Structure formats: structure tokens, C-alpha cells
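Quick note on numbering: the sequence shown equals residues 216 to 313 in the numbering used here.
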Amino acid sequence: METLDNETQMIAVEKVLEEMQKAEEYVKNWNACWYERLLDAHCLPLHCEIGEADVRDMERKYEPRYRLANAYYSGDRIGIPLAKETLVGDNTLTGEKT
216 METLDNETQM IAVEKVLEEM QKAEEYVKNW NACWYERLLD AHCLPLHCEI GEADVRDMER
276 KYEPRYRLAN AYYSGDRIGI PLAKETLVGD NTLTGEKT
């Protein structure tokens with residue numbers, strides 16, 4: 216697979232997001248519902264700092280938008296994400312409650 220430079224990645228992501236928005240508008244014109252499901256989260260805390268039970272609780276809280284069980288973290292840059300979001304949930308390992 217070819218690796219794109221940062222500028223080309225940004226252009227590609229912008230075009231994908233534009234097409235996704237057009238598709239959403241088109242489907243909504245049919246009076247149909249639309250939602251996105253985000254997979255393959257790239258997140259250090261989900262990978263190694265938050266317990267599996269808490270990750271499952273966050274999945275239920277934000278259902279059906281996220282599938283977090285396959286979250287991963289790599290020190291290598293993986294490119295420009297299509298979406299960046301902040302999720303809030305309990306962390307029984309640290310005692311944090313939300």
C-alpha cells in the first residue's frame with residue numbers, strides 16, 4: 216500500500232468527509248435514519264489504562280456509535296483520522312466517576 220504525504224492525506228480525508236456528508240443528506244431526503252459507527256479506535260487509554268468492563272460500559276453508553284473493544288495504540292503515526300472524538304466514562308481502575 217502506498218503511503219501518502221501529510222498534505223495528500225489531508226486532501227483525501229476532506230474529500231471522504233465531503234462525500235460522507237453528501238450521502239447523509241441524500242439518505243435523509245428519503246426520510247430514513249442515518250448514523251455512523253466508528254471502529255478501530257486509536258487510543259492509548261482504551262488500549263491499556265481503562266479496564267475492559269469500563270470500555271464495555273462506554274460502548275453501551277454511546278451505543279450504537281462506537282465499537283471500542285478493538286481499540287489499539289501504536290507509537291507510529293497512523294495518518295489523519297476521519298473523526299476525532301472525546302468520550303467520557305467511568306474508570307474503575309482509577310476510581311474516576313462521570
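Note that beta-carbon positions come from the ideal geometry of N, C-alpha and C, so glycine has one too. Just so it is clear, the structure is predicted and the values come from calculations on it, not from any experiment.
{"Query": "For P279, the nearest candidate out of N246, R252, T301, T307 (CA to CA)", "Result": "R252"}
{"Query": "One or two residues paired with Y281 in a DSSP bridge", "Result": "L253"}
{"Query": "Where the alpha helix (DSSP H) through L232 begins and ends", "Result": "221-243"}
{"Query": "Extent of the continuous alpha helix (DSSP H) to which K276 belongs", "Result": "267-276"}
{"Query": "Under 8 Å between C-beta atoms of G294 and Q224", "Result": "yes"}
{"Query": "Contact under 8 Å by Cβ, A227 with A256", "Result": "no"}
{"Query": "Segment contact, 8 Å Cβ cut-off, at least three pairs: the region 266-285 with the region 233-249", "Result": "no"}
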